[in-house]
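Engineer: Following this message is one structure expressed as structure tokens.
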Amino acid sequence: MPDILSVNTTFFTIVGYPMSYIEFFGTVLNLLCVWLVAKNKIWNWPIGIVAVVLFFLLFYEIRLYSDMVEQAYFFVTGFWGWYIWSRRKKNQDSDQEGRLQITTGRSLELGLAAGTILVGTTALGMLMTRIHLLLPTYFLAPADYPYLDALTTVMSFVATVLMVRRKLACWYLWISVDFIGIWLYWVKGVKFISVEYVIFLVLASYGLYKWHLSLKEREAYEKVSDRSSVREVLPTPSRT
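Going by our numbering, the first residue of the sequence shown is number -1, and it counts up by one from there.
In structure tokens form, the structure reads like this:
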């Protein structure tokens, strides 16, 4: 691996913290990606893909393998999201040009998301509590906060799918993940990442506001359009 991609190659030092190239650019690109999602811009996907590649290598180097696998998931869904946001397909969730619009989501979709989080967290949490027994060669000690860590992982997976589908609920999940991440990374001693999650929380809150505003503006526009259509259909009263 080139030295510039090594976590041990210092880019600069801040408050005594040696910042590597891979951590700095991975973090900056991740923050930029979230900001672009909040702005509902399609360029979040290619930028996010580059960011997860950098973080995949970073987590491999520091032996956080579950986080490494999570980046692989984000890599695949990054291309999927890029395709979904760029394609044109006429349906009830699309605009006149066929582009997918922001929606609140149907009850079935949201119920399925909640069920996935519940079942997925339980299953993954149970696995993580025993991972050091199942694979002692790779996991020398029991996992810390296995169920809380599983919850944030599964919520991130579900939030990504909802984000690809432009469902407003994705931001509620991201905000929840960020709140937990701030505390979890702080108590684990990786305080720089905890601070990063504070920024993620601000961006997720901004994204929720912007998407909600866009949704309300579209709904108001559709109501006006419907009224105009009714006026055109109704016959004009004749004068006698």
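Each residue gets a CB set at the ideal place from its N, CA and C atoms; glycine is no exception.
Nothing here was measured: the structure is a model prediction, and the numbers come from that model.
#1: Within this structure, are the beta carbons of residue 198 and residue 29 separated by less than 9 Å?
#2: Considering only residues of the same chain and omitting the five flanking positions on each side of residue 169, which have a CB-CB separation below 6 Å?
#3: Checking 9 Å against the spacing of the C-beta atoms, do residue 139 and residue 127 come in under that value?
#4: Is residue 18 helix, strand or coil by DSSP?
#5: Tell me which residue opens and which closes the alpha helix (DSSP H) that residue 177 is part of.
#6: List the DSSP bridge partners of residue 12.
#7: Whose C-beta lies closer than 6 Å to the C-beta of residue 176 among residues of the same chain, with five residues either side of it excluded?
#8: DSSP three-state label for residue 238, please.
#9: Using a 10 Å radius around the Cβ and a threshold of 16 neighbouring Cβ atoms, would you call residue 27 buried or exposed?
#10: Express the C-alpha separation of residue 193 and residue 5 in angstroms, rounding to a whole number.
#11: Which runs of the alpha helix (DSSP H) at least 4 residues long sit entirely within the stretch 96 to 133? Give them in chain order.
#12: For residue 110 and residue 102, what's the separation of their Cα atoms in angstroms?
#13: Do residue 156 and residue 248 come within 9 Å of each other at the CB atom, strictly closer than that value?
#14: Which first and last residues belong to the alpha helix (DSSP H) in which residue 240 is found?
#15: Looking only at C-alpha atoms, which of 182, 180, 167 sits nearest to residue 209?
#16: Can you tell me whether residue 7 is helix, strand or coil according to DSSP?
#17: Expressed to the nearest angstrom, what Euclidean distance is found between the alpha-carbon atoms of residue 238 and residue 218?
#18: Could you compute how far the alpha carbon of residue 14 sits from the alpha carbon of residue 190?
#19: Can you give me the start and stop residues for the alpha helix (DSSP H) that residue 1 sits inside?
#20: Taking the alpha carbon of residue 83 as the point to measure from, which residue in 68, 43, 37, 56 has its own alpha carbon closest?
#21: Any idea what DSSP makes of residue 43, helix, strand or coil?
#22: Could you tell me which of 133, 148, 143 sits nearest to residue 121, measuring between CA atoms?
#23: Would you identify the three-state DSSP class for residue 145, choosing helix, strand or coil?
#24: Would you report the Cα separation of residue 68 and residue 151, rounded to the nearest angstrom?
Structural biologist: Here's the rundown:
#1: In contact: residue 198 and residue 29 (Cβ atoms closer than 9 Å).
#2: Excluding five sequence positions before and after residue 169, the CB atoms of its chain that fall closer than 6 Å to its own CB belong to 202, 205, 206, given in chain order.
#3: The beta carbons of residue 139 and residue 127 sit no closer together than 9 Å.
#4: In the three-state reduction of the DSSP assignment, residue 18 falls in the strand class.
#5: Its alpha helix (DSSP H) spans residues 167 to 185.
#6: DSSP output for residue 12 lists 15 as bridge partner(s).
#7: Correct list, in chain order: 195, 198, 199, 202.
#8: Because residue 238 sits at a pLDDT of 47, beneath the cut-off of 50, its placement in the model cannot be relied upon, and the point is left open.
#9: Counting Cβ neighbours within 10 Å, residue 27 comes out buried, since at least 16 surround it.
#10: Those two C-alpha atoms are separated by around 19 Å.
#11: Those alpha helix (DSSP H) runs which fall completely within the stretch 96 to 133 and span 4+ residues are 105 to 132.
#12: Computed Cα separation, rounded: 14 Å.
#13: The chain is shown only over -1 to 238; residue 248 falls outside these bounds and no answer can be derived.
#14: Look at the range of the chain in this structure, -1 to 238, and you will see that residue 240 is not part of it.
#15: Out of 182, 180, 167, 167 has the C-alpha closest to the C-alpha of residue 209.
#16: Three-state result, residue 7: coil.
#17: Note that residue 238 scores a pLDDT of 47, beneath 50, so its modelled location is shaky and nothing firm can be said.
#18: Taking the straight line joining both Cα atoms gives about 12 Å.
#19: It is not in any alpha helix (DSSP H) - residue 1 carries neither H nor E in the DSSP assignment.
#20: Of the candidates 68, 43, 37, 56, the one whose C-alpha sits nearest the C-alpha of residue 83 is 43.
#21: In the structure shown, residue 43 sits in a helix (DSSP, three-state: H, G or I).
#22: Minimum Cα distance to residue 121 is reached at 148.
#23: Reduced to three states, the DSSP call for residue 145 is helix.
#24: Their backbone Cα atoms lie some 8 Å apart in a straight line.
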